Amino acid sequence: IENRRITTSFLQRLPGAEARYRALLPLFPWAVARFDLRGYDLVLSSSHCVAKGVRVPREALHVCYCFTPMRYVWDLYDDYFGARAPWAVRLLMPPVAAALRRWDRAAAARVRHFIAISRFVAARISRCYGREAEVIYPPVDCQRFRLSEDAGEFYLVVSALTPYKRVDLAVEAANRLGVRLVVVGSGPEERRLRALAGPTVEFLGWRADAEVADLYARCRALLFPGVEDFGIVPLEAMASGKPVIAYDLGGGRETVVPLAAGMESPTGLFFSPQTVDALVDAVRRFEANAHRFVPKVLRANAESFDRPLFKERIAAYVARRREEFSRC
4 IENRRITTSF
14 LQRLPGAEAR
24 YRALLPLFPW
34 AVARFDLRGY
44 DLVLSSSHCV
54 AKGVRVPREA
64 LHVCYCFTPM
74 RYVWDLYDDY
84 FGARAPWAVR
94 LLMPPVAAAL
104 RRWDRAAAAR
114 VRHFIAISRF
124 VAARISRCYG
134 REAEVIYPPV
144 DCQRFRLSED
154 AGEFYLVVSA
164 LTPYKRVDLA
174 VEAANRLGVR
184 LVVVGSGPEE
194 RRLRALAGPT
204 VEFLGWRADA
214 EVADLYARCR
224 ALLFPGVEDF
234 GIVPLEAMAS
244 GKPVIAYDLG
254 GGRETVVPLA
264 AGMESPTGLF
274 FSPQTVDALV
284 DAVRRFEANA
294 HRFVPKVLRA
304 NAESFDRPLF
314 KERIAAYVAR
324 RREEFSRC
């Protein structure tokens with residue numbers, strides 16, 4: 004991306020926009036609609052919020068690579084604007100969210116084709132927009148991670164510290180089991196999580212990519228307790244030869260091969276329900292079966308999501324859709 008020309012919206016120039024961008028959410032649709040794409044015959048939008056709402060010429064093909072419908076006003080409204088939000092936000096957001104949902108549906112209707120990052124997101128696109136979406140999984144850059152054969156020194160969480168990530172489950176499980184847990188990431192939940200943590204839990208904040216890769220290689224397993232649309236972090240752990248203990252819902256179901264009777268090549272195991280008790284039980288099951296996880300098998304699973312394969316799949320999809328569009 005460093006070698007590409009980047010054109011930003013007027014929001015980029017507003018004072019304090021970088022730090023308080025969430026407060027500008029009601030302006031996002033207006034901003035994206037102001038981009039001038041005259042002269043383009045192919046537009047690929049990469050959207051988790053409003054990018055799909057870009058206006059394209061009638062003669063242009065618009066393909067949206069969709070990370071999720073606008074989560075702030077659909078599935079995760081309560082997480083962002085529920086009981087923990089300031090009272091003024093709770094008062095103002097219902098009509099704003101209703102307007103954004105109407106805009107979101109209208110914007111989705113103008114997209115020619117959707118690509119979803121997972122079957123989980125494809126189902127959400129169908130539910131929110133009434134649209135079909137083909138699934139092409141996001142890439143993991145396997146070359147960034149070294150394969151480790153070591154048993155590992157600690158459990159690891161790599162996550163933004165926001166409520167829906169449920170890092171609190173990992174912290175409380177580590178407290179109860181007395182195992183070492185390293186948490187990489189920061190966010191609005193950090194103060195609460197630090198207060199919750201016992202002596203075996205360490206918070207590192209955000210770290211450089213190289214340091215995170217080293218932590219993957221040295222960890223015992225990754226804990227992944229939230230519901231994610233896809234979840235690239237489990238694949239990064241697997242690329243390092245490390246198993247994943249994940250909540251049994253969301254995109255993790257599509258990347259983790261679960262430990263089960265007769266399964267020869269597991270890459271992790273699931274827990275359910277989304278409780279501390281269930282996660283504690285999963286960690287104990289992992290410890291009893293750690294010998295069944297083979298680092299080279301874990302790496303091979305991650306490589307099936309590697310960047311070159313993603314490029315091939317996207318290029319083939321776009322070529323097919325352009326050929327169809329040219330016949331319209």
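Take the position in the sequence shown, starting the count at 1, then add 3; the result is the number in our numbering.
All C-beta atoms in this analysis are idealised placements derived from N, C-alpha and C, irrespective of residue type, glycine included.
Please read these numbers as outputs of a predicted model, since none were measured by experiment.
| Asked | Found |
| --- | --- |
| Local conformation of Y158 per DSSP, three classes | strand |
| Check whether Y140 and F308 have beta carbons under 7 angstroms apart | yes |
| Beta-carbon proximity of P166 to D217, cut-off 7 angstroms | no |
| Whether L199 touches G244 by CB criterion (7 angstroms) | no |
| Rounded Cβ spacing between R223 and A154 (contact assumed at less than 8 angstroms) | 7 angstroms |
| contact_flag[the region 59–71, the region 41–49] where n(CB pairs < 8 angstroms) is 3 or more | yes |
| Selection from K168, R323 and Y219 that minimises the alpha carbon distance to P298 | Y219 |
| Rounded Cβ spacing between L40 and V59 (contact assumed at less than 8 angstroms) | 5 angstroms |
| Continuous beta strand (DSSP E) assignments of at least 3 residues falling wholly in the region 183–213 | 184–187 and 204–208 |
| Short Cβ contact (7 angstroms threshold) for V204 with L184 | yes |
| Neighbour-count burial assignment, F13, 16 or more Cβ in a 10 Å radius | exposed |
| Residue of A109, G133 and D144 minimising C-alpha distance to A305 | D144 |
| C52 CB to nearest heavy atom of the ligand COA below 6 angstroms | Summarising the ligand content, the structure contains no ligands, and the ligand COA is consequently not present. |
| C-beta atoms of A213 and G190 nearer than 7 angstroms | no |
| Burial state of A294 (16 or more Cβ within 10 Å) | According to the sequence displayed, residue 294 carries His and not Ala. Burial call: exposed. |
| Of the listed residues P276, P32, G85 and A285, nearest to P261 (C-alpha basis) | A285 |
| F273, DSSP secondary structure in three states | strand |
| Span separating the alpha-carbon of E21 from that of F296 | 42 angstroms |
| F117 - partner residues in DSSP beta bridges | C67 and A136 |
| Burial state of S121 (16 or more Cβ within 10 Å) | buried |
| 7 angstroms Cβ cutoff met for L339 and V174 | In the structure as shown, the chain starts at 4 and stops at 331, and residue 339 therefore has no counterpart that could be examined. |
| F31: first and last residue of the uninterrupted alpha helix (DSSP H) it sits in | F31 to A36 |
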